[in-house]
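Quick note, this note's numbering runs 1265 ahead of the 1-based positions in the sequence shown.
Beta carbons are placed, not taken as given, at the ideal position from N, Cα and C, and that holds for glycine.
Owing to the predicted nature of the structure, the values given are computational and were not obtained by experimental measurement.
To start, the structure itself, in structure tokens.
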Amino acid sequence: MAQLEIGSSFAGYHVLDKLGSGGMGAVYLVEHPHLLRREALKIISLSVSDNTEFHQRFVNEARTVAMLNHPGIVAIHHYGVTDDAPWFTMTYVDGTDLTHGGLPDTDVATIATRASAALDYAHRHQVIHRDIKPANIICTREPDGSIDQVVLLDFGIAKLADSTRMTATHAFIGTLAYAAPEIIDGHPAGPASDQYSLACTIYELLTGRAPFDAPTPSAMMAALLAKPAPPISTLRPDLAALDPIFERALAKDPTQRYPDCAALAGELTTVLAASSGQGPAADSVPLTSGTFGASVAASPVPDAPAPGLIDGNAPTVESRDRSPHRRRNWLLAAAALIVVAVLAVAATVWATHRSDSSPVDAVAAPSFTDISVGVFVSCAIRDREAYCWGQNDHGQLGDGSNSNQTTPTKVVGITDVTDISASGSSVCAVASGEAYCWGTLDNIRTPTKVPGISDVTDISTNGSSFCAIAGSFLYCWGTNTEGQLGDGTTTARTAPTKVESLQSVTDVSVGDETTCAIADSDAYCFGHNEQGQIGDGTRVNRLTPTPVKDFTYPAAISSGDTFDDGTTCARRSDDAAYCWGDNTSGAIGDGTTTTRLTPVTVLPDTLSVVTGYGATCAITTARTLKCWGDSRGPRGFDDQLTPADVPGLKNVTAVSITSGTSCAIADDDIYCWGLNSYGEIGNGTTDSVRTPTKVTFS
């Protein structure tokens, strides 16, 4: 198993800390190279260089989990195999598990309701959890102590209900005390077995102990198979009204249990509310009966949209348990764990104890998550929807018209947008894991799905060449005059073509005739190289991905046009920014106008660096903005050969630049400045401005 060093880079991610390890892998706190978001990265402890079956199982299971989109289920963001080590990243949450107990009954009702909604959602999409237990459910809380989130961990061992052919015969994964009898008896897991495990968990939360206990695994299995669960009233006489509920949910015959988890939670919360003399919990959905279809008009927690690729911009949730019992950094969910046949107690809890005790408030989801500026057109993502403004002669605003707009107009037909890339005549976006493009010389006025690729996480275009990351691989299409599609030819491609030499791709940027990407923790560029923008120390064009020379641990990369040729910039995992290529206007930022054929250090502490049209901007670790280069670029005056502050912006999270116009997200608003010929600044006018001006959203 790969052991990562703090401060190093793995699969393009910056490694911040090691959070834990166990028999099946290690988990690290990492930073996403493009979104500047903390995630949890899990490396599975198996070398799979020669294990074709595992490769297939890993990909299938990772995709299955990533397709789930529900507030009670962790988000899987990315996955791949690097140096023969399977890995995936997931949302990082700092909360508390349920193993400490001591919860009021009202909290137990809320937890049961929320967990049931998540499980039923997964079951409707043919995914079984298989390991529900107190340690695999975590809660975050509001400042007043009320429950904020209830999230299920470790869907990594979940499998499609009909995929038992990929599972060892009679294999059993889970913790024995919460395992359904049919699983012990060798039958496949199903929704009813998850319900049984949830009932065991609720039983323990209410009483302080699981329904069954035994000194040895064999005795435990015998009890699970043959003995009825003790009535909860033997431990909590005040909850005698719950006896028939647990008798049904813990029935040995799975067909005798509730039709779904919501039915169980509905009756449970109704009885608990009556026992406490209170009305039903806010999250509960009372049932008039326990029969299938009875009075269950809505799920306790609304389902998320139909499954698609999980949102790459889902916010990182960081909240801290305010109870002194236990503090754990949870690595939410897992994807594609190896199937292990165990007939003993097994606990695969991915958590570590942290030494710091300072509270960390929950991070609210930002309204704006991406910004992209093309020539005369600007686009942004706001609340998972795409907006564009400026020139619209080719339909590049995506609103169904050809009318220019001086303020943002919503792109029609796509939702759950996670990435957007604007050029002069066309725009592309990622929505629900699919790639869409519009505009171009064909005047496509509304988003059109790009065929042949799915599980898309990132897309980039210069208007005539296009590249997208799909399932951790890179696909490119369009104009290919200089080999910028990376397929070894200069033949134009009308459909996405896989760049065969790259895998575990985490970032891509399409410049004028040069494309750069990060794959397997290395930086590669290909295409036009007259000014050394490929970074291999030569001026020779490259038709296939070529490693950037002497550049290790890349985190993100930007391939930009210039008025003369091209410049490339990248950020390393140690936060240092580097640039190379054309420097006629000072876009490299090293104080000269000398072309550089290999990377040159520009700034030591950056969160992001982007370049285009002879100018470059970087977000510092203090979240201020520095820019340099061509006077027609982001500063609007004489060429600036070294980084200089852009005044008036703080808490900057994203920046994009093009010929004479720049935009940035700062304090969760969008500001633009520079040329404004067609309204691309978005302030309702076509007057150019020299200082950041807030974009007007209606």
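query	result
For Thr1671, the first and last residue of its enclosing beta strand (DSSP E)	1670 to 1675
Local conformation of Tyr1293 per DSSP, three classes	strand
Whether Gly1748 touches Phe1791 by CB criterion (7 Å)	yes
Buried versus exposed call for Ala1883 [16 or more other C-beta atoms within 10 Å across all chains shown]	buried
Residue span of the beta strand (DSSP E) that contains Pro1399, given as start and end	No beta strand (DSSP E) holds Pro1399; DSSP gives it neither H nor E.
Residue range of the unbroken beta strand (DSSP E) whose run includes Ala1387	No beta strand (DSSP E) holds Ala1387; the alpha helix (DSSP H) holding it covers 1370 to 1389.
Three-way DSSP call (helix, strand, coil) for Gly1935 in this model	Position check: residue 1935 holds Ile in this sequence, whereas Gly was assumed. In the structure shown, Ile1935 sits in a strand (DSSP, three-state: E or B).
Rounded C-alpha distance that separates Pro1509 from Pro1482	28 Å
Leu1281 to Ser1458 span [Cα, whole Å]	38 Å
Proximity to Ala1929 [Cα-Cα], best of Ala1782, Val1339, His1659, Thr1889	Thr1889
Whole-angstrom distance between Pro1408 and Ser1668, CA atom to CA atom	48 Å
Buried or exposed by the 16-neighbour rule on C-beta atoms within 10 Å, applied to Arg1474	exposed
Cβ pair Gly1751, Pro1810 closer than 7 Å	yes
Contacting residues, own chain, Cβ-Cβ under 8 Å from Thr1886 (five flanking each side not counted)	Asp1840, Asp1870, Thr1871, Leu1872
Residue span of the beta strand (DSSP E) that contains Asp1413, given as start and end	1412 to 1417
Backbone CA spacing between Leu1868 and Gln1905 [nearest angstrom]	15 Å
Beta-carbon gap between Ala1782 and His1299 smaller than 7 Å	no
The alpha helix (DSSP H) enclosing Tyr1652, as first and last residue numbers	Premise fails: Tyr1652 lies in the beta strand (DSSP E), 1650 to 1655, not in any alpha helix (DSSP H).
Buried or exposed (CB count within 10 angstroms, at least 16 for buried), Gln1268	exposed
Cα-Cα separation, Ala1479 to Ser1838	50 Å
Cβ-based neighbour list, Ser1428, same chain, cut-off 6 Å, excluding 5 preceding and 5 following	For Ser1428, the pLDDT reaches just 36, beneath the cut-off of 50, and the residue's location in the model is therefore unreliable, although a value from the coordinates is still provided. Once the five neighbours on either side are set aside, Ser1428 has no close Cβ partner at all.
Inter-residue Cα distance where the pair is Ser1983 and Asp1910	Residue 1983 lies beyond the range of the chain shown here (1266 to 1963); nothing can be said about it.
Same chain, Cβ closer than 7 Å to Thr1674, five either side skipped, listed in chain order	Tyr1652, Cys1653, Trp1654, Leu1662, Asp1664
Inter-residue spacing [alpha-carbon to alpha-carbon] between Glu1270 and Val1695	32 Å
Leu2016 (DSSP reduced to helix, strand or coil)	The question about residue 2016 has no answer here: the residues shown for the chain are numbered 1266 through 1963.
Nearest-angstrom beta carbon gap, Val1715 and Cys1702 [assumed within contact, 8 Å]	6 Å
Supposed close pair Thr1364, Ala1305 - CB separation, criterion 8 Å	Incorrect: roughly 19 Å between the Cβ atoms, too far for contact.
Identity of the residue in Thr1756, Ala1784, Asp1777 nearest Glu1765 by Cα	Ala1784
Three-way DSSP call (helix, strand, coil) for Pro1502 in this model	helix
Three-way DSSP call (helix, strand, coil) for Ser1564 in this model	Low confidence applies here, because Ser1564 scores a pLDDT of 31, under 50, leaving its location unreliable; read the following figure in that light. Correct three-state label for Ser1564: coil.
Collapsed DSSP secondary structure at Asp1242 in the structure displayed	What the structure shows of the chain is the stretch from 1266 to 1963, and residue 1242 is not part of that stretch, so it cannot be assessed.
Same chain, Cβ closer than 6 Å to Ile1646, neighbours up to 5 away in sequence not counted	Thr1634, Asp1635, Val1682, Ile1685
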